[in-house]
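**Student:**
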Amino acid sequence: MMEIRITLHVLCCLLCALSKEEVMAVLQVEGTEGKDLNITCTHSWASTNIKYFCRWNCIEMEVLIRSKGVGRTAQSGRYSLYDRGGGSYTVTIARLMKRDSGKYWCGVERNGLDTFHELLLKVRDAPQVTTPQTSTHFSTKGRWYFIPVCVLAVLVVLVASLMLHQNWENICSALRACSPSTRGQDNTDHAETTPGDQNPESLIYENMEFKVSANHID
């Protein structure tokens, strides 16, 4: 009988020590604002026990989520809990906020007193988005490339204009050389030597003079 009492006393001491050790194990966790955070909790001899995740003093109203069985995922708002079996489970907090910083508990329901792991969460500020300077560098280079292109385009236009002007002067000179006034003068000269335009009387007179001269010679 005495041996049974000693054995029970030793078992109670071991259970109390185990529970006390689990409660005093503090897990430090950090996350970034706006990101998701995964937290893994592990308890001994809790393969099929109900697991839960709570905050502050872990009273019933502060329990954030409970497990639904081994191999299943429970969902509640931004919190989800996946029971891996073997006393291990993963809690995910989606889209962390600064107000999520604080103390949490990973708990397991047991016959008697539940066991817990304490967890301290710190949420860091979201990184500030800065504009890369490479884009400014590229835009500056693009501007310097644009200036020579514009100058070259202006030079091409000027050269083309000069060439067109010179060609136009050559065309105008050729047109003046073939103008109607010149052709009219040529026609006038030609008209002065055309027999068809002479007076018939003058032709008769010339013929008479030619005959008289011929008779005189005879």
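With mature numbering (1 follows the signal peptide of the UniProt record, and there is no 0) applied, the sequence shown corresponds to residues -25 to -1, 1 to 193, in that order.
Heads up, the beta-carbon is just placed ideally off N, CA and C, and yes, glycines get one too.
Thinking just about the alpha-carbon of each residue, which of 127, 59, 44 and 95 is nearest to the one in residue 25?
**Tutor:** For residue 25, the nearest C-alpha among the options comes from 44.
**Student:** Does residue 40 come out as helix, strand or coil in the three-state DSSP assignment?
**Tutor:** Correct three-state label for residue 40: strand.
**Student:** When you compare the CB positions of residue 55 and residue 17, do they come within less than 7 Å of one another, or not?
**Tutor:** No, the Cβ-Cβ distance between residue 55 and residue 17 is not below 7 Å.
**Student:** Which residues in the same chain have their Cβ closer than 7 Å to the Cβ of residue 123, if we skip the five residues on either side of it in sequence?
**Tutor:** Nothing listed; no residue qualifies.
**Student:** Whose C-alpha, out of 35, 133 and 83, is nearest the C-alpha of residue 20?
**Tutor:** Measuring from the Cα of residue 20, the nearest candidate turns out to be 83.
**Student:** When the Cα of residue 2 is compared with those of 95, 59 and 40, which residue comes out closest?
**Tutor:** Nearest C-alpha to residue 2: 95.
**Student:** Quick check on DSSP: helix, strand or coil for residue 51?
**Tutor:** The answer is strand: DSSP assigns residue 51 an E or B state.
**Student:** Taking DSSP's pairing of strands, which residues face residue 3 in a bridge?
**Tutor:** Bridge partners of residue 3: 95.
**Student:** For the 8 Å Cβ check, are there 3 or more pairs between the segment 37 to 53 and the segment 96 to 106?
**Tutor:** Taking 8 Å as the limit for Cβ pairs, the verdict is that the segment 96 to 106 does not touch the segment 37 to 53.
**Student:** Count the other CB atoms within 10 Å of the CB of residue 71; is the residue buried (16 or more) or exposed (fewer)?
**Tutor:** Buried, because 16 or more other Cβ atoms sit within 10 Å of the Cβ of residue 71.
**Student:** Under the DSSP definition of a beta bridge, which residues are partnered with residue 82?
**Tutor:** DSSP output for residue 82 lists 27 and 91 as bridge partner(s).
**Student:** Whole-angstrom Cβ separation of residue 39 and residue 28, contact assumed at under 8 Å?
**Tutor:** That belief holds up - the Cβ atoms of residue 39 and residue 28 are roughly 5 Å apart, short of 8 Å.
**Student:** If distances are taken between C-alpha atoms only, which option among 33, 58 and 126 comes closest to residue 80?
**Tutor:** Nearest C-alpha to residue 80: 33.
**Student:** Does the Cβ-Cβ distance between residue 5 and residue 100 come in under 7 Å?
**Tutor:** No.
**Student:** Identify, in the order they occur along the chain, each residue of the same chain with its Cβ nearer than 7 Å to the Cβ of residue 147, setting aside the five sequence neighbours on each side.
**Tutor:** Cβ within range, chain order: n/a, list empty.
**Student:** Whose C-alpha, out of 31, 141, 131 and 68, is nearest the C-alpha of residue 77?
**Tutor:** Taking only the C-alpha atoms, the option nearest residue 77 is 31.
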